[in-house]
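Order-wise, the sequence lines are chains R and F. No gaps in the numbering here: position 43 of the first sequence is 44 in this note's numbering, and each next residue is one more. No gaps in the numbering here: position 317 of the second sequence is 448 in this note's numbering, and each next residue is one more. Have a look at the structure below before the remarks.
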Amino acid sequence: MRELTSGALLDALRGVHWPARRMSGGTIQGGHRSRRVGASPEFMEYRPYQQGDDPGRIDWKLFGRTERVAVRLSHDDSSLRTMVLVDASASMGFPAETFAKWNCAAAIALGLAAVAHGDNDPVGIAIAAATPRLLPPRTRRGTVSDVLRALLDTTPAGSSPLAPLLAAARTSRRVALISDFLGDAEALHTVAREMLAGGTEVFAVHVIATEELEPGDAARVVIDPENPALRRPLGAAEVAAYRDSFGRWRRTLADAWRGAGAIFHEVTTADAPDRIVRRVTGSSGPPLRGS
Amino acid sequence: MSFLFPGFLAAAAGIAAAATLLHFIVTREPDLYRLPTARFAPDRAIQARAQALEPSDLLLLALRVALVLAVGAALARPIVSPPRRALMRIVLVDRSRGVASAREAADSARSVLGERDLLIVFDSAATIITAGAADSLGQLSRAERPGRLSTALVSALRTASRLRNQADSIELVVVSPLPGEAIDAATDSLRALWPAGIRLIRTAARSDSGAAPVTFQGDPDDPLRLAIPTAGARSGAGTTRLVRQLATAADSLWAADPGRVLVVWPATREVPAGWTPRPADTVGAVAAGTAVVVAPFVRTLSLRGGATAEAISPPRLVLARWVDGEPAAIEDPIGAGCIRTVTIDVPAAGDLVLEARFARFVAALTGPCGGPMDSAPLDEAARARLAGTFETSRAAAAGFPAPDQMPSPWARWLLLGAVLLAGAEQLVRRRIAR
Numbered sequence: 002m003r004e005l006t007s008g009a010l011l012d013a014l015r016g017v018h019w020p021a022r023r024m025s026g027g028t029i030q031g032g033h034r035s036r037r038v039g040a041s042p043e044f045m046e047y048r049p050y051q052q053g054d055d056p057g058r059i060d061w062k063l064f065g066r067t068e069r070v071a072v073r074l075s076h077d078d079s080s081l082r083t084m085v086l087v088d089a090s091a092s093m094g095f096p097a098e099t100f101a102k103w104n105c106a107a108a109i110a111l112g113l114a115a116v117a118h119g120d121n122d123p124v125g126i127a128i129a130a131a132t133p134r135l136l137p138p139r140t141r142r143g144t145v146s147d148v149l150r151a152l153l154d155t156t157p158a159g160s161s162p163l164a165p166l167l168a169a170a171r172t173s174r175r176v177a178l179i180s181d182f183l184g185d186a187e188a189l190h191t192v193a194r195e196m197l198a199g200g201t202e203v204f205a206v207h208v209i210a211t212e213e214l215e216p217g218d219a220a221r222v223v224i225d226p227e228n229p230a231l232r233r234p235l236g237a238a239e240v241a242a243y244r245d246s247f248g249r250w251r252r253t254l255a256d257a258w259r260g261a262g263a264i265f266h267e268v269t270t271a272d273a274p275d276r277i278v279r280r281v282t283g284s285s286g287p288p289l290r291g292s
Numbered sequence: 132m133s134f135l136f137p138g139f140l141a142a143a144a145g146i147a148a149a150a151t152l153l154h155f156i157v158t159r160e161p162d163l164y165r166l167p168t169a170r171f172a173p174d175r176a177i178q179a180r181a182q183a184l185e186p187s188d189l190l191l192l193a194l195r196v197a198l199v200l201a202v203g204a205a206l207a208r209p210i211v212s213p214p215r216r217a218l219m220r221i222v223l224v225d226r227s228r229g230v231a232s233a234r235e236a237a238d239s240a241r242s243v244l245g246e247r248d249l250l251i252v253f254d255s256a257a258t259i260i261t262a263g264a265a266d267s268l269g270q271l272s273r274a275e276r277p278g279r280l281s282t283a284l285v286s287a288l289r290t291a292s293r294l295r296n297q298a299d300s301i302e303l304v305v306v307s308p309l310p311g312e313a314i315d316a317a318t319d320s321l322r323a324l325w326p327a328g329i330r331l332i333r334t335a336a337r338s339d340s341g342a343a344p345v346t347f348q349g350d351p352d353d354p355l356r357l358a359i360p361t362a363g364a365r366s367g368a369g370t371t372r373l374v375r376q377l378a379t380a381a382d383s384l385w386a387a388d389p390g391r392v393l394v395v396w397p398a399t400r401e402v403p404a405g406w407t408p409r410p411a412d413t414v415g416a417v418a419a420g421t422a423v424v425v426a427p428f429v430r431t432l433s434l435r436g437g438a439t440a441e442a443i444s445p446p447r448l449v450l451a452r453w454v455d456g457e458p459a460a461i462e463d464p465i466g467a468g469c470i471r472t473v474t475i476d477v478p479a480a481g482d483l484v485l486e487a488r489f490a491r492f493v494a495a496l497t498g499p500c501g502g503p504m505d506s507a508p509l510d511e512a513a514r515a516r517l518a519g520t521f522e523t524s525r526a527a528a529a530g531f532p533a534p535d536q537m538p539s540p541w542a543r544w545l546l547l548g549a550v551l552l553a554g555a556e557q558l559v560r561r562r563i564a565r
């Protein structure tokens with residue numbers, strides 16, 4: 002959490018932008034190219050006049066030269082309503098000594114929110130904790146501080162589902178989902194697919210602790226923090242099977258999200274949060290695991 | 132140091148060895164670890180067992196081993212014996228009423244008593260002097276109780292059993308005038324248990340009979356007064372006092388002095404302490420020793436508790452019994468003297484009190500404490516039987532049976548140490564668990 006409060010992360014992300022991956026349909030003036038036909042002087046193309054078009058947009062000079070009735074189309078800039086959704090279930094509070102997963106997820110969430118806010122996009126955050134928190138997207142000054150405060154006030158616990166919060170963010174045109182996907186992964190994927198079909202940009206960031214990748218071969222019984230009834234031995238004899246099973250699941254998960262059209266990144270707690278944010282936003286930087 | 136029951140120590144050593152072995156083979160539940168991706172571990176039964184070739188905790192192991200060994204050693208009852216000697220003496224010193232001079236007896240005992248020899252002084256009971264024998268002999272005084280050699284022999288035999296590991300041979304020395312009353316029916320049998328000769332050192336016997344003038348305190352017309360030949364004085368320096376009412380505190384105080392006899396023989400039907408009223412009946416006779424009186428006595432009191440009280444209150448002595456065996460007169464020791472309680476109604480009519488048999492009966496009741504005294508020395512044959520026909524007076528110590536119980540002062544300290552070790556073990560175990 003020191004990284005969040007020190008300001009080093011925000012300093013490292015200064016100048017980073019998070020452009021829209023496709024034309025935005027937004028109507029609020031912003032920094033993203035909109036699909037909407039606007040009145041900006043930047044010419045895009047001519048289109049034959051159709052019933053219902055504003056006659057005022059007919060290019061009469063063109064009509065004079067070619068006797069074709071066409072309307073002049075130009076690009077318009079709009080803002081992108083962005084919602085950052087962070088998983089704060091008990092599984093994110095791992096390892097129990099450092100909460101490295103949660104710290105990593107919180108840093109990514111803050112970084113994305115700060116970048117979006119820097120692009121004048123309305124940005125909000127939804128935290129799926131034992132008591133879910135929701136800050137609706139806003140552009141006003143102090144939004145990033147509100148996001149930071151919400152993250153600092155949260156301690157990962159319980160097993161609150163993410164899918165309802167994602168469904169509630171349907172009005173946003175861009176959603177960044179930061180989770181370990183160990184909870185309601187199926188329901189989450191279904192909602193995300195619907196949103197993707199509706200034109201929402203969905204960014205999925207899969208956070209993995211290095212201890213989850215390499216749990217070591219010391220004999221012990223592992224317990225699922227969200228399901229204490231799940232107890233299994235994990236020692237030298239089991240660790241290979243564990244790695245194999247975990248790896249298969251990660252590949253399946255990434256394929257499923259990418260196949261649905263989401264931008265999926267797998268990150269670990271060993272990765273620097275600013276590098277992760279740069280990769281997610283499409284800024285330059287070395288490739289991340291699973292990108 | 133030796134152990135009375137070494138088997139316990141061997142068992143404790145075995146348990147300690149097993150505990151040590153178990154410490155080296157530690158089986159425990161594997162550590163629990165919260166892992167969010169636990170579901171990807173193969174679903175197998177939890178049978179993890181960690182085997183440690185090193186002791187998991189040396190302090191805990193040491194405490195447990197010490198605890199087991201302490202309990203085992205305590206149950207084994209260790210005894211620390213002083214260095215073994217070639218000869219030990221057990222000196223029996225008679226201080227009963229039959230002794231003419233306690234000082235002479237003490238001097239005689241000193242002449243044979245070595246530094247680590249054992250002293251036993253006896254009258255009707257025997258006292259083993261474990262420490263300060265010289266001081267005890269310096270303060271030896273005559274007790275107005277009959278001597279009982281049987282009691283002294285029993286003590287000597289027990290002591291010899293206890294000393295069997297401390298000496299090669301044991302010699303028994305008896306310092307006594309050896310009066311006839313010191314011998315009873317058990318003496319010969321007990322003597323036979325001593326496997327060697329007994330060295331006898333005779334001291335001077337008391338020359339008087341112990342009988343003293345009786346001071347009578349009661350009605351001058353009391354018929355009982357006529358049966359007391361030496362009576363007449365209402366007060367005086369006599370050592371026997373017969374009172375015809377219940378004893379007062381002053382009477383009891385008087386009776387506590389050495390050689391004094393207080394005879395409480397109530398003239399009225401008052402109930403003395405320790406007695407209880409009973410329906411009056413007539414019994415035909417009463418006997419005190421060899422003195423028997425046959426007369427229609429009316430019996431109104433019984434000894435509280437009957438035969439049980441008689442049995443459980445040693446050294447209470449029944450001096451006279453009714454013809455059916457019930458006590459009629461008892462003697463209780465008080466200080467160095469004694470108090471007698473007589474519950475025989477003296478007939479007010481008739482000439483019974485003038486008869487010689489009644490006078491003998493009263494004389495038996497007013498005699499010295501402990502009953503009639505037989506101070507005549509044993510004859511030659513009896514003394515020879517007592518000394519025995521053995522060639523030596525040194526008995527092989529190993530010939531005495533081992534004692535059933537042997538004091539082991541170390542045992543209690545070992546048990547206390549075991550309790551402390553158990554507490555420490557708990558503390559260490561909790562600390563490790565945390």
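All C-beta atoms in this analysis are idealised placements derived from N, C-alpha and C, irrespective of residue type, glycine included.
Could you tell me whether the Cβ of R:A242 comes closer than 8 Å to any Cβ of chain F? Taking the first sequence and counting its residues from 1, one reaches residue 242 of chain R at position 241. Closer than 8 Å: yes.
Between the alpha carbons of F:R279 and F:A313, how many angstroms are there, rounded? Counting from 1 along the second sequence, the entry for residue 279 of chain F is found at position 148. Counting from 1 along the second sequence, the entry for residue 313 of chain F is found at position 182. About 5 Å.
According to the neighbour-count rule (16 or more other Cβ atoms, all chains shown, within 10 Å of its Cβ), is F:W396 buried or exposed? As a first step, residue 396 of chain F must be located in the second sequence, where it is residue number 265. Its Cβ being crowded by 16 or more others within 10 Å, F:W396 is buried.
Positions along the segment 221-251 of chain R whose CB lies within less than 7 Å of some CB in chain F: R221, V222, V223, I224, D225, P226, L231, R232, R233, P234, L235, G236, E239, A242, Y243, S246, F247 and W250
Mind checking R:R142: buried by the 16 CB within 10 Å criterion, or exposed? Here residue 142 of chain R refers to the residue found at position 141 of the first sequence. R:R142 comes out exposed.
Is DSSP giving R:R221 helix, strand or coil here? By 1-based counting over the first sequence, the position of residue 221 of chain R is 220. Residue state, collapsed to three classes: strand.
Element boundaries [beta strand (DSSP E), containing F:G468]: As a first step, residue 468 of chain F must be located in the second sequence, where it is residue number 337. F:G468 -> beta strand (DSSP E) spans G468 to V473.
F:N296 (DSSP reduced to helix, strand or coil): Indexing the second sequence from 1 puts residue 296 of chain F at position 165. Residue state, collapsed to three classes: coil.
Pick from R:P226, R:V176 and R:N228 that is closest to R:A205, judged by C-alpha positions: The residue you call residue 205 of chain R lines up with position 204 of the first sequence. If we check each option's Cα against that of R:A205, R:V176 comes out closest.
If distances are taken between C-alpha atoms only, which option among R:G112, R:G236 and R:T99 comes closest to F:P161? Locating residue 161 of chain F in the second sequence gives position 30, counting from the first residue. The shortest C-alpha separation from F:P161 is found at R:G236.
Select from the segment 199-216 of chain R all residues with a C-beta closer than 7 Å to any C-beta belonging to chain F, and list them in chain order. E213 and P216
So with CB distances below 7 Å, who are the chain F contacts of R:S92? Locating residue 92 of chain R in the first sequence gives position 91, where the first residue counts as 1. Those within 7 Å of R:S92 in chain F are P167.
Return the chain-ordered list of same chain residues with a C-beta closer than 7 Å to the C-beta of F:L624, the five sequence neighbours on each side being excluded. Past the edges of chain F, shown from 132 to 565, lies residue 624 of chain F, and the structure says nothing about it.
Below 8 Å between beta carbons: does that hold for F:R435 and F:G390? Taking the first residue of the second sequence as position 1, residue 435 of chain F is located at position 304. Taking the first residue of the second sequence as position 1, residue 390 of chain F is located at position 259. Not closer than 8 Å, so no.
Is any beta-carbon of chain F found at less than 8 Å from that of R:D88? Position 87 of the first sequence, counted from the start, is the residue given in the question as residue 88 of chain R. So no, R:D88 is outside the interface.
Measure from the alpha carbon of F:A336 to the alpha carbon of each residue in F:A378, F:V285, F:R273 and F:A327, then state which is nearest. Sequence index remark: in the second sequence, residue 336 of chain F carries index 205 (1-based). Of the listed residues, the one whose Cα sits closest to F:A336 is F:R273.
Is there a C-beta anywhere in chain R that falls below 8 Å from the one on F:A564? What you label residue 564 of chain F is simply residue 433 of the second sequence in a count that begins at 1. It does not: the Cβ of F:A564 has no partner Cβ on chain R nearer than 8 Å.
In the DSSP assignment, find the beta strand (DSSP E) that holds F:I461 and state where it starts and stops. Residue mapping note: residue 461 of chain F aligns to position 330 of the second sequence, counting from 1. Here the beta strand (DSSP E) through F:I461 covers P458 to I465.
Residues of chain F with CB under 8 Å from R:F100, in chain order? As a working note, residue 100 of chain R is residue 99 in the first sequence. By Cβ distance, chain F contributes nothing, its closest Cβ being about 12 Å from R:F100, past 8 Å.
Compute the beta-carbon to beta-carbon distance between F:V202 and F:A564, rounded to the nearest angstrom, for a pair I have assumed lies under 8 Å. Numbered from its first residue, the second sequence carries residue 202 of chain F at position 71. Numbered from its first residue, the second sequence carries residue 564 of chain F at position 433. In fact, because the Cβ distance is near 24 Å, the residues do not count as touching under 8 Å.
Note down, one range per segment and in chain order, each beta strand (DSSP E) of at least 3 residues found wholly within the segment 353-405 of chain F. 371-374 and 392-395
Where does F:S133 fall in DSSP's three states? Taking the first residue of the second sequence as 1, we reach residue 133 of chain F at position 2. If DSSP states are grouped into helix, strand and coil, F:S133 belongs with the strands.
Spell out the partners DSSP gives F:L166 in its beta bridges. As a first step, residue 166 of chain F must be located in the second sequence, where it is residue number 35. The partner list for F:L166 (beta bridge, DSSP) is empty, contrary to what the question assumes.
So with Cβ pairs under 8 Å, would you call F:I156 a contact of chain R? Mapped onto the second sequence, residue 156 of chain F falls at position 25. So, not an interface residue.
Any chain B beta carbon closer than 8 Å to R:A97: Among the chains of the structure shown, chain B does not appear; the protein chains present are R and F.
Can you give the beta carbon distance from F:P408 to F:V414, rounded, assuming they're within the 8 Å contact cut? The residue labelled residue 408 of chain F in the question sits at position 277 within the second sequence. The residue labelled residue 414 of chain F in the question sits at position 283 within the second sequence. Their Cβ separation, rounded to whole angstroms, is 16 Å, which puts F:P408 and F:V414 out of contact at 8 Å.
Less than 8 Å between the beta carbons of R:A115 and R:W103, yes or no? Taking the first sequence and counting its residues from 1, the one referred to as residue 115 of chain R is at position 114. Taking the first sequence and counting its residues from 1, the one referred to as residue 103 of chain R is at position 102. No, they are not a contact pair.
Verify the CB distance criterion: does R:L183 have a CB-CB separation below 8 Å to chain F? By 1-based counting over the first sequence, the position of residue 183 of chain R is 182. Interface residue, yes.
Please indicate yes or no: does the CB of F:V395 lie closer than 7 Å to some heavy atom of the ligand NAP? By its list of ligands, the structure shown contains no ligand whatsoever, and the ligand NAP lies outside what it can speak to.
Could you tell me whether the Cβ of F:F136 comes closer than 8 Å to any Cβ of chain R? Along the second sequence, one-based indexing puts residue 136 of chain F at 5. So, not an interface residue.
What did DSSP end up calling R:N104 once you bin it into helix, strand or coil? Indexing the first sequence from 1 puts residue 104 of chain R at position 103. R:N104: helix per DSSP, three-state reduction.
Are F:V224 and F:V252 closer than 8 Å when you measure CB to CB? As a position in the second sequence, residue 224 of chain F is number 93, starting the count at 1. As a position in the second sequence, residue 252 of chain F is number 121, starting the count at 1. Cβ atoms of F:V224 and F:V252: closer than 8 Å.
Could you check which residue in R:R221, R:L178 and R:G217 has the C-alpha nearest to that of R:H207? On the first sequence, position 206 is the one that residue 207 of chain R refers to. When each option's Cα is compared against that of R:H207, the closest is R:L178.
Could you spell out the range, first to last residue, of the alpha helix (DSSP H) harbouring F:Q557? Position 426 of the second sequence holds residue 557 of chain F. Segment P540 to A564, the alpha helix (DSSP H) holding F:Q557.
Of the listed residues R:A210, R:A117 and R:V70, nearest to R:M93 (C-alpha basis): As a position in the first sequence, residue 93 of chain R is number 92, starting the count at 1. Minimum Cα distance to R:M93 is reached at R:A210.
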